[in-house]
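Residue numbers (my numbering): 47 to 315. All C-beta atoms in this analysis are idealised placements derived from N, C-alpha and C, irrespective of residue type, glycine included. Because the structure is a prediction, the values reported are computed rather than measured.
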Amino acid sequence: MDSKIANISVIFFDLDNTLITTRKADKLACNKLSEILWEKYEVQVETSIAICSKYLKAFRKCPDNPSVELHAWRRKLWMQALGDEYTAIAGEVYLKWLQLRYHYLALTPDVQMLLKKLRLHFRLGLITNGPSCAQWEKVERLNLKGYFDLIVVSGDLPWEKPQHEIFHEACRYLGVEPGECLMVGDKLETDILGGKQANLAGTVWIPLVTDSPERAADFHPDFIISKVTDLPGLLPQRTAPVFRQQKNVVFRLSRDQLLDDDDCSNNSC
Ligand SMILES: [Mg+2]
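Below is the structure:
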């Protein structure tokens, strides 16, 4: 165990492709859906595959459009992917996709156990980049609140990873110094660079299978592990349980909250 992280009390996690296999799950959901289009709706196999890959490409390019309600936006993407011939089934297809997506996105039992065990001895934070509605949908549908002391979605705030402010705001909220925190994530440009720039005690990189390990040289993560469940092997051994005033309280950071704390020009200050 590295002495730099001997005194950590908080572990921050990234969400997508760190705790949940977002890219893989979205691909699996689309693959399964193309089978359903063929079996249930009698769409030709090649056309089904083309429709689902068109949707996945458009969805990844723009998962949320702030000017349109989230479900309406994704239904629209399905209508475009299905084309005029199958536009009538877009609503049904969207609901099936949503169900499949969350089936494949679910936290695996070993990750659930990891978070439960870590939370006995550390405070846990989730810091995720992305649009507010889309990320909070994941938090709600995957029942993530019970695993964390703090959940931060960049879409709610003026910053995102790698900006140091998002990490420092999370530290401030938990009442800890950056040097007491560890950041764990899959993306060098956001999770690792951000953790370094925020002067956290350490950073842990979990490369995707498509990542080249040599890329680490430019970002200097303190640790590299192949899967998140390998994390306990790096951590200081703790026996005493972490002190919490209340159990299972999740503080959702939002822009409004920042204004409440920092902007005393309004009447409530
Ligand atoms: Mg990620």
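In the DSSP assignment, find the unbroken alpha helix (DSSP H) run with C98 in it and report its ends.
Run containing C98: 91-107, per the alpha helix (DSSP H) assignment.
Please state whether the Cβ-Cβ distance between L188 and Y148 is less than 8 Å.
Closer than 8 Å, so yes.
Can you tell me the Cα-Cα spacing of R298 and Y87, whole angstroms?
Going by the C-alpha atoms only, they are around 42 Å apart.
When we look at the beta-carbon of G221 and count the other beta-carbons within 10 Å, is it buried (16 or more) or exposed?
So G221 counts as exposed.
Just to confirm my understanding: we take P204, look at its own chain, exclude 5 residues before and 5 after, and list those with CB closer than 7 Å. What are they?
Cβ within range, chain order: R301.
With DSSP as the reference, label G137 as helix, strand or coil.
Note: G137 maps to helix in three-state DSSP.
With a threshold of 16 other CB atoms inside 10 Å of the CB of D195, please say whether the residue is buried or exposed.
When all chains shown are included, D195 counts as buried.
What distance in whole Å lies between the Cβ atoms of I97 and A321, which are believed to be in contact at a cut-off of 8 Å?
Because the chain spans 47 through 315 in this model, residue 321 falls outside it and cannot be assessed.
What residue does the alpha helix (DSSP H) around R165 start on, and which one ends it?
First-last of the alpha helix (DSSP H) with R165: 155-167.
Does at least one heavy atom of ligand 1 sit under 7 Å from the Cβ of K233?
Yes.
In terms of residue numbering, what span does the beta strand (DSSP E) encompassing L196 cover?
196-199 is the extent of the beta strand (DSSP E) around L196.
Would you kindly work out how many angstroms separate the C-alpha atoms of L331 and T93, rounded to a whole number?
Missing from the structure shown is residue 331; the chain here goes from 47 to 315 and no further.
Grouping DSSP H, G and I as helix and E and B as strand, with all else coil, what is N313?
Residue placement at N313 is flagged as unreliable, the pLDDT there being 35, under the threshold of 50; a coordinate-derived value is accordingly withheld.
What residue from G129, Q158, I51, K122 has the CA that sits closest to L141's CA?
L141 has its Cα closest to that of K122, out of G129, Q158, I51, K122.
Under the criterion of a Cβ to heavy atom distance below 7 Å, does D62 qualify as lining ligand 1?
Yes, ligand 1 has a heavy atom inside 7 Å of this Cβ.
Give me the Cα-Cα distance between L153 and I66, rounded to the nearest whole angstrom.
Roughly 6 Å separates the two Cα atoms.
Would R169 and V296 qualify as a contact pair, given that the criterion is a beta-carbon distance under 8 Å?
Result no, Cβ atoms of R169 and V296 do not sit closer than 8 Å.
I need the straight-line Cα distance from I82 to C76, nearest angstrom please.
Near 10 Å, if we compare the C-alpha coordinates of C76 and I82.
Take C108 as the anchor and find which of G171, C179, E226 has the nearest alpha-carbon.
Nearest option by C-alpha distance: C179.
Name the one or two DSSP bridge partners that P62 has.
Note that residue 62 is Asp in the sequence shown, not Pro. Answer is I66, bridged to D62.
If we ignore side chains and look at the alpha-carbon of each, how far apart do A114 and R218 end up?
What sits at residue 114 in the sequence shown is Val, not Ala. Those two C-alpha atoms are separated by around 33 Å.
From the DSSP output, in three-state form, read off I51 for me.
Here I51 sits in helix by DSSP.
Between which two residues does the alpha helix (DSSP H) containing W205 stretch?
Segment: none, W205 is in no alpha helix (DSSP H) and carries neither H nor E.
May I have the straight-line CA-CA distance separating K273 from E223, to the nearest angstrom?
Each residue's alpha carbon lies about 27 Å from the other.
Comparing C-alpha positions only, which one of D110, T68, L164, W124 sits nearest to T285?
Among D110, T68, L164, W124, the Cα nearest to that of T285 belongs to L164.
In the region 227-265, which residue ranges form an unbroken alpha helix (DSSP H) of at least 4 residues, counting only runs that do not cross its ends?
The region 227-265 contains these whole alpha helix (DSSP H) runs: 239-243.
Contact check, V157 vs T236 under 8 Å by CB: the rounded distance?
About 20 Å separates the two Cβ atoms, so there is no contact after all.
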